[in-house]
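Report on one structure; see the data block that follows.
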Amino acid sequence: FFLLHLLVQGVSEPAMAMAFWLAQVNVILAVFNLIPGFPLDGGRVLRSLLWRFSGDYNRSTRIATRVGQGVGYLFILGGIVMFVLLPGQWFSGLWLAFIGWFLSTMASVSYRQAQWQGVLQGVTASEMMTSDCPVIASNVTINRLVQEYIFSRGHRSFLVSDEGELKGILTLQNIKSVAQPDWEATQVRDIMTPVEKLKIAYPDQDALGILEQMNENDINQMPVVNEGRVIGLIARDSLIRFLRTRSELEK
Numbered sequence: 001f002f003l004l005h006l007l008v009q010g011v012s013e014p015a016m017a018m019a020f021w022l023a024q025v026n027v028i029l030a031v032f033n034l035i036p037g038f039p040l041d042g043g044r045v046l047r048s049l050l051w052r053f054s055g056d057y058n059r060s061t062r063i064a065t066r067v068g069q070g071v072g073y074l075f076i077l078g079g080i081v082m083f084v085l086l087p088g089q090w091f092s093g094l095w096l097a098f099i100g101w102f103l104s105t106m107a108s109v110s111y112r113q114a115q116w117q118g119v120l121q122g123v124t125a126s127e128m129m130t131s132d133c134p135v136i137a138s139n140v141t142i143n144r145l146v147q148e149y150i151f152s153r154g155h156r157s158f159l160v161s162d163e164g165e166l167k168g169i170l171t172l173q174n175i176k177s178v179a180q181p182d183w184e185a186t187q188v189r190d191i192m193t194p195v196e197k198l199k200i201a202y203p204d205q206d207a208l209g210i211l212e213q214m215n216e217n218d219i220n221q222m223p224v225v226n227e228g229r230v231i232g233l234i235a236r237d238s239l240i241r242f243l244r245t246r247s248e249l250e251k
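With UniProt numbering applied, the sequence shown closes on residue 251, and no number is skipped along the way.
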């Protein structure tokens with residue numbers, strides 16, 4: 001954009017002003033991106049250097065994240081100071097504080113994702129799935145299901161199958177969508193998630209990819225299929241519980 005600014009000099013004042021403004025914005029963004037705080041490019045470089053000298057990837061990521069959060073907090077503080085002490089710069093102060101909040105938030109999110117990647121590395125769906133998920137017919141009433149499977153056995157997820165053919169899955173969330181007086185008149189097929197809308201996982205699929213797929217599609221369970229046969233069910237809360245447990249033990 002700076003070259004464009006030079007090219008349009010003397011040709012068009014508005015175009016020259018716009019090109020100069022864009023050049024300034026690009027320079028500011030480039031400098032901002034070089035700040036040594038994760039997840040900015042400068043933070044990734046810092047993490048790489050720390051990792052190279054320490055050999056500890058998790059610790060290097062944690063330090064780079066702390067730097068990123070620290071820079072974000074400084075921006076927030078600077079924005080508040082500008083807003084309070086410089087009335088003519090109140091908008092710039094708000095903008096700086098917003099950038100600081102965004103940077104500190106992104107640092108936390110990126111660190112959590114890095115933790116997930118480290119914890120779930122090498123873990124597959126076959127290791128995280130529940131293989132004893134109960135199978136029910138699609139014509140079972142919700143009242144019977146609740147009495148025989150949920151209240152008495154504590155099950156929360158079900159595979160729906162008729163004559164060996166998978167029809168869908170049913171979860172506690174589906175059941176909660178039906179008012180209790182209607183349980184006797186409502187069948188499983190009426191509220192289940194049909195097989196056509198299901199996302200399928202495979203035994204050797206990595207658990208991190210499955211969790212990302214669940215988050216992207218806002219789903220909580222995925223059947224695990226091997227050679228056309230359902231062999232289990234993998235749940236998002238199980239993956240998150242596993243992540244939290246491992247993260248606490250490795251602190």
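Using N, Cα and C, we set each Cβ at its ideal position, and we do this for glycine too.
- Taking a C-beta distance under 8 Å as the contact criterion, residue 220 and residue 192 do not qualify as a contact pair.
- A straight line joining the alpha-carbon of residue 176 with that of residue 104 spans about 37 Å.
- Per DSSP, residue 229 is one residue of the beta strand (DSSP E) stretching across 229 to 235.
- Here DSSP, grouped into helix, strand and coil, assigns residue 190 to helix.
- Contact annotation, residue 134 with residue 168: C-beta distance approximately 14 Å; criterion of less than 8 Å not satisfied.
- If you look at residue 176, you'll find it in the alpha helix (DSSP H) that goes 172 to 176.
- In the DSSP assignment, residue 60 falls within the alpha helix (DSSP H) that extends over 57 to 85.
- With a cut-off of 8 Å on Cβ pairs, the segment 203 to 216 is in contact with the segment 119 to 134, counting three or more such pairs.
- Counting only residues of its own chain and dropping the five nearest sequence neighbours on each side, residue 80 has a CB closer than 8 Å to the CB of 93 and 97.
- Per the coordinates, the alpha-carbon of residue 70 lies some 10 Å from the alpha-carbon of residue 36.
- Beta bridge pairing from DSSP links residue 157 with 171.
- Its Cα nearest to that of residue 212, the residue 239 stands out among 230, 224 and 239.
- With respect to residue 186, residue 136 sits apart: the two C-beta atoms are not nearer than 8 Å.
- Distances from the CA of residue 198 to each of 233, 172 and 89 were compared; the closest alpha carbon is that of 233.
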